[in-house]
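**Student:** Before we start, here is the structure in question, set down as structure tokens.
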Amino acid sequence: MKLTFDIEKMYRQIRMDGMSPSSLLSTELWWNGPVWLSQDATEWCIRKSSMEQEIPEARGTATSATIQQETPETFNRYSTLNKLIQVQAYILRFIHNSRPDKCKRRGDLSTIEIDAATHSLVKMVQASAFSSELRQLLNHQSLPRSSKLLPLTPFLDEQQILRVGGRLQRANLPYSARHQMLLPSNHPFTKLLIENEHSRLLHLGSQTTLASIRQKFWPLNGRNIVRLTIRKCIKCFRSNPSVIQPIMGNLPRARVQVSRPFAHVGVDFCGPFYLRESKRRNSKTNKSYVAIFVCLATLLTTDEMLTLLIQIESILNSRPITVLSNDPNDLTYLSPGHFLIGDVFTDVPEPTLLNIQDSRLSRWQRVDQMRKRWSKDYLHQLQQRTKWRIEDINVTPGNMVLIKEDNTLPLHWPLGRVLEVHPGDDGIVRTATIKTSKGIFKRSANRLSLFPMEQ
């Protein structure tokens with residue numbers, strides 16, 4: 001309980017009216033207070049009472065500030081290493097020429113200026129990537145065990161550049177090859193360095209490029225970062241493109257359902273073959289092709305040419321479509337020819353000794369038996385994906401692609417842009433409409449090669 005008394009009102013009147021010191025000496029209110037103050041507490045004039053409010057609980061909160069090292073804009077402004085180093089060299093020359101007591105530098109950049117600019121850029125890169133390691137080495141402290149530079153035993157040279165200590169101090173190598181300048185793996189300067197060295201070596205592989213870089217620099221995780229950078233090289237991609245391989249789709253209904261032979265047919269062509277009109281010496285020759293019709297369900301094949309192709313047709317239709325058994329008591333293997341004549345085409349026909357005419361029921365039972373064997377023995381072999389087992393990148397409208405052409409060098413493959421994609425029931429794109437300089441075409445996804453910048 002909190003008691004509040006109106007004492008302020010009593011003394012306010014004295015301050016407002018004013019009072020001389022002599023009068024103040026005889027003022028009872030000033031010296032003894034109000035009259036009721038000398039009485040019993042039960043007779044005090046209480047103005048009001050109020051309950052104290054409960055003080056809310058105050059809990060401390062912890063905050064942490066993280067300082068992220070940002071890459072200077074200088075490294076993202078230029079697309080080549082030579083341009084970056086030249087600009088930095090001219091900046092250092094301007095600083096040097098601005099000093100009054102220095103001799104002015106004129107003309108083309110010298111080798112000393114190029115090296116000084118390179119060292120300046122390396123120091124900027126190391127200051128943003130290895131700030132904690134630099135601080136510890138400057139204070140003559142050892143690096144922690146969690147440091148990724150610890151296996152290289154780094155040290156600071158006379159120019160305060162972080163270099164590899166290593167174990168090659170006694171090797172007959174230059175100083176820059178024994179103690180390379182350290183570089184981070186995910187920095188724009190490292191990327192420009194790899195691209196410049198890869199281009200200087202006429203687009204050689206990652207092993208040669210990394211070996212050349214390590215004559216002066218040591219990028220962390222160098223092998224992987226060099227491979228990733230070379231993989232994005234447009235010239236290397238044009239000479240050795242990799243086509244898209246979407247995952248193998250589900251079989252169509254015509255391949256997995258029982259139907260009559262040649263109810264669903266696929267057509268292919270082979271050739272050309274040059275046929276002479278007659279046996280005369282100067283007879284005219286015509287270019288001909290072989291049309292191959294394949295039953296999608298039973299893999300039956302027919303060829304629209306006679307003579308030798310008849311024998312080829314019988315051999316193709318006699319190939320087994322089921323696994324061969326080692327048990328002599330098992331039935332013979334199932335081939336596409338069984339669905340037409342009930343036997344293998346290449347077998348010599350044997351005369352029957354039974355003078356019994358086949359009825360419709362017996363013929364239907366034979367057909368039904370072959371269909372059951374087709375469903376049990378052959379159909380389950382199509383369950384597994386023999387290739388294209390992993391999902392690849394789906395092309396999207398606007399992507400730049402190379403269109404693969406047979407019997408043509410990759411450097412001569414036409415360049416195109418994806419206008420429209422045609423995904424299947426599973427959402428995977430296996431066909432796309434491509435626009436090239438010669439027109440608009442529809443191509444399968446496994447004939448397209450996506451540029452690295454589109455991936």
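Numbering (UniProt numbering), first residue to last: 1 to 455.
Backbone N, C-alpha and C define an ideal beta-carbon position, used for all residues, glycine too.
Is DSSP giving Phe-293 helix, strand or coil here?
**Tutor:** Mapped onto the sequence shown, residue 293 falls at position 293. In this structure, Phe-293 counts as strand in the three-state DSSP scheme.
**Student:** Quick check on DSSP: helix, strand or coil for Gln-239?
**Tutor:** Here the question's residue 239 lines up with position 239 in the sequence shown. The amino acid occupying residue 239 in the given sequence is Ser; Gln does not appear at that position. In the structure shown, Ser-239 sits in a helix (DSSP, three-state: H, G or I).
**Student:** Give, in chain order, every unbroken run of the alpha helix (DSSP H) that is at least 4 residues long and sits entirely within the stretch 168-213.
**Tutor:** Listed in chain order, the complete alpha helix (DSSP H) runs (minimum 4 residues) inside the stretch 168-213 are 175-178, 188-200 and 206-213.
**Student:** What does a CB cutoff of less than 8 Å around Glu-420 pick up in its chain, not counting 5 residues either side in sequence?
**Tutor:** Counting from one through the sequence shown, the residue named residue 420 turns up at place 420. Here the set comprises Pro-397, Ala-432 and Thr-433.
**Student:** Residues in its own chain within less than 8 Å of Ser-242 by CB, not counting five upstream and five downstream?
**Tutor:** Along the sequence shown, read from residue 1 onward, the residue named residue 242 stands at position 242. So the qualifying residues of the chain are Ser-449.
**Student:** Pull up the DSSP beta-bridge partners for Asp-368, would you.
**Tutor:** Taking the sequence shown and counting its residues from 1, the one referred to as residue 368 is at position 368. Asp-368 is not bridged to any residue.
**Student:** Hey, would you say Leu-201 sits closer than 8 Å to Thr-190, going by beta carbons?
**Tutor:** For this step, residue 201 is matched to residue 201 along the sequence shown. For this step, residue 190 is matched to residue 190 along the sequence shown. No, they are not a contact pair.
**Student:** Determine the DSSP secondary structure at His-140, reduced to helix, strand or coil.
**Tutor:** Indexing the sequence shown from 1 puts residue 140 at position 140. It is coil, neither helix nor strand.
**Student:** Hey, is Asn-76 close to the ligand COA, as in C-beta under 7 Å from one of its heavy atoms?
**Tutor:** The ligand content of the structure shown is nil, which means the ligand COA is not present either.
**Student:** Pull the bridge partners of Phe-217 from the DSSP assignment, please.
**Tutor:** Residue mapping note: residue 217 aligns to position 217 of the sequence shown, counting from 1. Looking at the DSSP assignment, Phe-217 forms a beta bridge with Met-181.
**Student:** As a quick exercise: from Lys-216, His-198, Tyr-90 and Leu-182, pick the residue whose alpha carbon is nearest that of Ser-128.
**Tutor:** As a working mapping, residue 128 is identified with position 128 in the sequence shown. Measuring from the Cα of Ser-128, the nearest candidate turns out to be Leu-182.
**Student:** Starting from the C-beta of Val-395, find all residues in its chain whose C-beta is less than 7 Å away, skip the five residues before and the five after it, and write them out in chain order.
**Tutor:** Start at 1 with the first residue of the sequence shown, and residue 395 comes out as number 395. For Val-395, where only same-chain residues beyond five positions count, the Cβ hits under 7 Å are Ile-244, Val-401, Val-418, Val-421, Val-429, Ala-432, Ala-445, Leu-448 and Leu-450.
**Student:** Counting along the chain, where does the beta strand (DSSP E) carrying Arg-430 start and finish?
**Tutor:** Position 430 of the sequence shown, counting from 1, holds the residue named residue 430. First-last of the beta strand (DSSP E) with Arg-430: 429-436.
**Student:** So what's Pro-410 in DSSP terms, helix, strand or just coil?
**Tutor:** As a first step, residue 410 must be located in the sequence shown, where it is residue number 410. In the structure shown, Pro-410 sits in a helix (DSSP, three-state: H, G or I).
**Student:** Taking all protein chains shown into account, decide if Asn-145 is buried (16 or more other Cβ within 10 angstroms of its Cβ) or exposed.
**Tutor:** In the sequence shown, counting from the first residue as 1, residue 145 sits at position 145. According to the sequence provided, residue 145 is Arg. The question's Asn does not apply to it. Flag for Arg-145 reads exposed.
**Student:** Which residue comes first and which comes last in the beta strand (DSSP E) that contains His-422?
**Tutor:** As a working mapping, residue 422 is identified with position 422 in the sequence shown. Its beta strand (DSSP E) spans residues 415-423.
**Student:** Drop a sphere of 10 angstroms on the beta-carbon of Gln-180, count the other beta-carbons inside from all chains shown, and report buried for 16 or more, exposed for fewer.
**Tutor:** Counting from 1 along the sequence shown, the entry for residue 180 is found at position 180. Its Cβ being crowded by 16 or more others within 10 Å, Gln-180 is buried.
**Student:** Is the Cβ-Cβ distance between Tyr-378 and Ile-312 less than 8 Å?
**Tutor:** Taking the sequence shown and counting its residues from 1, one reaches residue 378 at position 378. Taking the sequence shown and counting its residues from 1, one reaches residue 312 at position 312. The answer is no: Cβ separation not under 8 Å.
**Student:** Suppose you measure from the CA of Pro-336 to the CA of Ser-239; what does that come to, to the nearest Å?
**Tutor:** Stepping through the sequence shown from its first residue, residue 336 is reached at position 336. Stepping through the sequence shown from its first residue, residue 239 is reached at position 239. Distance between the alpha carbons of Pro-336 and Ser-239: 43 Å.
**Student:** Just to confirm my understanding: we take Glu-391, look at its own chain, exclude 5 residues before and 5 after, and list those with CB closer than 6 Å. What are they?
**Tutor:** Here residue 391 is taken as the residue at index 391 of the sequence shown, counted from 1. Hits under 6 Å: Ile-247.
**Student:** Can you tell which of Ser-176, Ala-291, Pro-423 and Leu-220 has its C-alpha closest to the C-alpha of His-187?
**Tutor:** Locating residue 187 in the sequence shown gives position 187, counting from the first residue. If we check each option's Cα against that of His-187, Leu-220 comes out closest.
**Student:** Can you tell me which of the three DSSP states Arg-93 falls into?
**Tutor:** For the purposes of this step, residue 93 is identified with residue 93 of the sequence shown, where counting begins at 1. Arg-93: helix per DSSP, three-state reduction.
**Student:** Return the chain-ordered list of same chain residues with a C-beta closer than 6 Å to the C-beta of Gln-169, the five sequence neighbours on each side being excluded.
**Tutor:** For this step, residue 169 is matched to residue 169 along the sequence shown. None.
**Student:** Excluding the five sequence neighbours on either side, which residues of its own chain have a C-beta within less than 8 Å of the C-beta of Leu-411, listed in chain order?
**Tutor:** Within the sequence shown, the letter at position 411 stands for residue 411. Closer than 8 Å at the Cβ level, and outside the excluded window around Leu-411, lie Arg-238 and Ser-239.
**Student:** Rounded to the nearest angstrom, what separates Cys-233 and Ile-440 at their Cα positions?
**Tutor:** Start at 1 with the first residue of the sequence shown, and residue 233 comes out as number 233. Start at 1 with the first residue of the sequence shown, and residue 440 comes out as number 440. The alpha-carbon atoms of Cys-233 and Ile-440 are separated by roughly 27 Å.
**Student:** Please work out which residues of its chain come closer than 8 Å, Cβ to Cβ, to Arg-214, disregarding the five sequence neighbours upstream and downstream, and give them in chain order.
**Tutor:** In the sequence shown, residue 214 corresponds to position 214, counting from 1. The residues are Ala-177, Gln-180 and Gly-222.
**Student:** CA-CA distance, Phe-273 and Gly-205?
**Tutor:** The count along the sequence shown starts at 1 and reaches residue 273 at position 273. The count along the sequence shown starts at 1 and reaches residue 205 at position 205. Cα-Cα distance, rounded: 43 Å.
**Student:** Going by beta carbon distance, what residues of the same chain come within less than 8 Å of Ser-437, once the five residues before and after it are set aside?
**Tutor:** As a working mapping, residue 437 is identified with position 437 in the sequence shown. Once the five neighbours on either side are set aside, the close Cβ partners of Ser-437 are Pro-414 and Leu-415.
**Student:** Considering only residues of the same chain and omitting the five flanking positions on each side of Phe-339, which have a CB-CB separation below 7 Å?
**Tutor:** Within the sequence shown, the letter at position 339 stands for residue 339. So the list reads Pro-261, Thr-298, Leu-300 and Met-370, once near-sequence residues are dropped.
**Student:** For Asn-286, write down the residues that DSSP places opposite it in a beta bridge.
**Tutor:** Numbered from 1 along the sequence shown, position 286 holds the residue referred to as residue 286. The partner list for Asn-286 (beta bridge, DSSP) reads Leu-275.
**Student:** Flag this pair as yes or no: are the beta carbons of Leu-81 and Leu-162 separated by less than 8 Å?
**Tutor:** The residue you call residue 81 lines up with position 81 of the sequence shown. The residue you call residue 162 lines up with position 162 of the sequence shown. Result no, Cβ atoms of Leu-81 and Leu-162 do not sit closer than 8 Å.
**Student:** What is the DSSP secondary structure of Arg-163, counted as helix, strand or coil?
**Tutor:** As a working note, residue 163 is residue 163 in the sequence shown. Three-state result, Arg-163: strand.
**Student:** With Phe-155 and Leu-134 assumed to form a contact (beta carbons below 8 Å), what rounded beta-carbon distance in angstroms separates them?
**Tutor:** Looking up residue 155 in the sequence shown gives position 155. Looking up residue 134 in the sequence shown gives position 134. Wrong, their Cβ atoms sit about 11 Å apart, outside the cutoff.
**Student:** Quick one: what's got a C-beta closer than 7 Å to Lys-216's C-beta in the same chain, skipping five residues either side?
**Tutor:** If you number the sequence shown from 1, residue 216 lands on position 216. Cβ within range, chain order: Ser-176, Gln-180 and Met-181.
**Student:** One question on the structure: do Ile-194 and Val-164 come within less than 8 Å of each other, judged by their Cβ atoms?
**Tutor:** Position 194 of the sequence shown, counting from 1, holds the residue named residue 194. Position 164 of the sequence shown, counting from 1, holds the residue named residue 164. Not a contact, by the Cβ cut-off of 8 Å.
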